[in-house]
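Count the sequence shown with full-length UniProt numbering and you get residues 1 to 351, in order. Okay, structure first, notes after.
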Amino acid sequence: MSSSESVRKTETIPQWKQDEVDELTDFIERYASVGIVGVEGIPSRQLQSMRRGLHGSAEVRMSRNTLVVRALEDVNDGVEQLTEHVAGQVALIGTNDNPFALFQQLEASKTPAPISAGEVAPNDIVIPEGDTGVDPGPFVGELQQIGADARIEEGSIQVLSDSTVLSAGETVDADLENVLSELGIEPKEVGLDLKSVYSEGVLFAPEELEIDVDDYRADIQSAAAAARNLSVNAGYPTAQTAPTLIAKATGEAKSVALAAAVESPDVVDDLIGKADAQVKALVSEIDDPEALPEELRDLGDDAEEADEADDGDADDSEADDAADEQTDDEEAESESDDGDDSDAGAGLDML
1 MSSSESVRKT ETIPQWKQDE VDELTDFIER YASVGIVGVE GIPSRQLQSM RRGLHGSAEV
61 RMSRNTLVVR ALEDVNDGVE QLTEHVAGQV ALIGTNDNPF ALFQQLEASK TPAPISAGEV
121 APNDIVIPEG DTGVDPGPFV GELQQIGADA RIEEGSIQVL SDSTVLSAGE TVDADLENVL
181 SELGIEPKEV GLDLKSVYSE GVLFAPEELE IDVDDYRADI QSAAAAARNL SVNAGYPTAQ
241 TAPTLIAKAT GEAKSVALAA AVESPDVVDD LIGKADAQVK ALVSEIDDPE ALPEELRDLG
301 DDAEEADEAD DGDADDSEAD DAADEQTDDE EAESESDDGD DSDAGAGLDM L
């Protein structure tokens, strides 16, 4: 233990501070996940609204930074790693939900807010293209001064194209603050800014918690399906794959039993059906009914009747063709006779 830690542990502190540390310690130990959130720049009324919005899922606890550090160190157990994030205007946050859900909830609770001179732009500040709604006047010069592509057109001040007037990381000046205020542009988001969270022995940074839940869910589902297929193909039984493996084994066993003609009660009906089909196929190939056992001759007769029916259909078709040809011949002869009569009549006329 260092000399500074020894002094801090042994120094006498006011009772109210000790009581506060005890309450902070209880707070930290009460939740499965504990983090540090930044509250800088959040108006008191808005902060209270955010705390009410988290009611039931997370709790925010504010105190002096020195007391928060002392409480984290008293709890120890790994949570003391959060002390490096206790700087500036921060607060403790506790939840029994997982850190990813906490991060998503905090991000969703953020709201747009105006930015003041002297603040650093969290992202590029853009004046959008379109009608500003401001009547012609000195304001067009203010827009042009901060770098906006502004003109007076159609009786109002127009921004002719999206204009980036400040890049992320640069400081806002008074001129830009006034223009943004006049246009009602709120370029920053205000909310509880998660610095870090400790859960189940792991310290999470915000960028590690910023995931696309839908994509993550799809990846998990894909991995689960691949694992299931691997388990089934490898014949590795689990609670999830046992029904599929049993069904697969049942089908394979039945196929083997049919191929090997195993007289099992489970496949006897299929074996009989298979044998019946094979017998019918064999009988249809035998031309001499006398060569068949008596009990199979009916099958042979049925096959012959079927063949005769097919032949009868063919004969009927040929007869129809012949009848059609005869009709054609008679029509031709009739036309020929008509021609002869016509010639004879012409000869009489000449006489």
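Backbone N, C-alpha and C define an ideal beta-carbon position, used for all residues, glycine too. Here the structure is a predicted model, which is why all the values come from computation and not from measurement.
Problem - Unbroken beta strand (DSSP E) run spanning L194, endpoints - result: 193 to 199
Problem - Identity of the residue in I185, K274, K248 nearest A260 by Cα - result: K274
Exercise for the section: Rounded to whole angstroms, what's the CA-CA distance from A314 to E285? Just pull it up for me. Expected result: The predicted position of A314 is uncertain, since its pLDDT is 48 and thus under 50; no value can be drawn from it.
Problem - Minimum length 4: unbroken alpha helix (DSSP H) runs contained in the segment 205 to 277 - result: 206 to 209, 213 to 234, 242 to 260
Exercise for the section: Please classify V90: is it buried, with 16 or more other beta-carbons within 10 angstroms of its beta-carbon, or exposed? Expected result: buried
Practice task
Could you please give the first and the last residue of the uninterrupted beta strand (DSSP E) stretch that includes R64?
Solution key: Counting along the chain, R64 falls outside any beta strand (DSSP E), and DSSP gives it neither H nor E.
Exercise for the section: Could you check the C-alpha separation between S4 and T132 for me, to the nearest Å? Expected result: Low confidence applies to S4: its pLDDT is 48, below 50, so where it sits in the model is not reliable enough to give any reading.
Problem - P138 (DSSP reduced to helix, strand or coil) - result: coil
Practice task
Note the first and the last residue of the continuous alpha helix (DSSP H) segment covering V21.
Solution key: 15 to 30
Exercise for the section: Give me the Cα-Cα distance between I36 and L245, rounded to the nearest whole angstrom. Expected result: 49 Å
Practice task
Using DSSP bridges, identify the partner residues of P187.
Solution key: DSSP, once it has assigned bridges, lists no residue as partnering P187.
Problem - At least 3 beta-carbon pairs within less than 8 Å: the segment 152 to 165 vs the segment 41 to 53 - result: no
Practice task
Could you tell me the boundaries of the beta strand (DSSP E) in which P112 lies?
Solution key: 111 to 113
Problem - Nearest-angstrom beta carbon gap, E142 and V179 [assumed within contact, 8 Å] - result: 6 Å
Problem - For S156, three-class secondary structure by DSSP - result: strand
Practice task
Quick one: give me the first and last residue of the alpha helix (DSSP H) that A92 is part of.
Solution key: Note that residue 92 corresponds to Leu in the displayed sequence, not to Ala. Premise fails: L92 lies in the beta strand (DSSP E), 90 to 95, not in any alpha helix (DSSP H).
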